[in-house]
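In the numbering used here, the protein residues as written are 8 to 242.
We treat Cβ as the ideally placed atom computed from N, Cα and C, and that holds for glycine.
In what follows, a single structure is set out as structure tokens and then discussed.
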Amino acid sequence: MLIKYSGNNKFIFIANRKCASSSVEASYIGKIADIRITRSPIGKHLSLQEIYDRFNWIFEHQELSLDKFFKWGIIRDPVKRVVSWYNFRSRPTLKRKEQYTGDLSFNDFWNMNKTKEFLEPQYNMFFTLNDKSIKVDYLCRQEFLLEDFLKIRDILDVNLSKFPKSNLSTTRKIEVKDIEESIKKEINEYYAIDYKLIENLQSFNEEGLTKFKREVTPKNSFKNFLRDMLAKIYK
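Below, the structure written as structure tokens:
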């Protein structure tokens, strides 16, 4: 979870679970944030509503009201996300710990954990249904993270063309293709709102970008080309 309240490029990054948040936090974006919470036990994965409640002492000031912040996060295909959780919790280093699920089949893992907080629908991280003013402005798809991020880096005022790889799981027990169709269908139905959000993400993101009235594409194409070339040379 990152908050930048200084300067003109104010933003809030909501760290969705199993969605490359560690890579964002380890990048230049994390370095310029005024508030960084990068450990789960102390609030790394706060929802936008929880961020608003905990840091209300910031947002109560008119010049720092929530609508002044560009609020963004990352969303992931729900089936891929559940598979990632299963593989992550099956790694040997978690043995003899409560979270270890390496001795469970994927079906058992899903049935035993689907109502737990770590597998809750992702939209809960980004929206508050009883207060429409609390919602994100932009969501990157994890599967196209860099492509989606490049559309907002001018708003964030960062010259970033790649993210460091961080917190990667080296254990891979199963892939999406290994899941039984009946379980896959159940997962699809459980995360129906997430899928609807992903399906309509283009129009949703355009609304958020328009709100901040920034150019999504740089006015000077040569300047953009030069910036990208320098980023590649000094990466």
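Tell me, which residues are paired with residue i by DSSP?
| i | result |
| --- | --- |
| Ile81 | Cys147 |
| Phe18 | Lys11 and Phe77 |
| Arg43 | Leu9 |
| Lys51 | None, per the DSSP bridge assignment. |
| Lys142 | Phe134 |
So for residue i, helix, strand or coil by DSSP?
| i | result |
| --- | --- |
| Arg98 | coil |
| Phe116 | helix |
| Lys123 | coil |
| Lys172 | coil |
| Asn227 | Below a pLDDT of 50, predicted positions are generally treated as unreliable, and Asn227, at 48, falls in that range; the measurement from the model is reported next regardless. The answer is coil: DSSP assigns Asn227 none of H, G, I, E or B. |
| Ala33 | helix |
| Phe62 | coil |
| Lys185 | Here residue 185 is Asp; the residue named in the question, Lys, does not match the sequence. Asp185 falls in the helix class under three-state DSSP. |
| Glu222 | Low per-residue confidence applies at Glu222: pLDDT is 42, beneath 50, and the placement is therefore not dependable, though the value from the model is reported in the following sentence. Residue state, collapsed to three classes: coil. |
| Tyr107 | coil |
| Glu57 | helix |
| Glu70 | helix |
List the endpoints of the continuous alpha helix (DSSP H) containing residue i.
| i | result |
| --- | --- |
| Ile159 | Careful: Ile159 lies outside any alpha helix (DSSP H) and carries neither H nor E. |
| Lys192 | Glu188 to Tyr197 |
| Ser210 | Leu208 to Phe219 |
At least 3 beta-carbon pairs within less than 8 Å: the segment 24 to 44 vs the segment 68 to 75:
no
Touching by the beta-carbon criterion (3+ pairs, under 8 Å), the segment 213 to 220 and the segment 90 to 102:
no
Whether or not the segment 104 to 124 and the segment 87 to 96 are in contact is what I'm after, with contact meaning three or more pairs of Cβ atoms, one per stretch, closer than 8 Å; do they touch?
Flag = yes, the segment 87 to 96 and the segment 104 to 124 touch.
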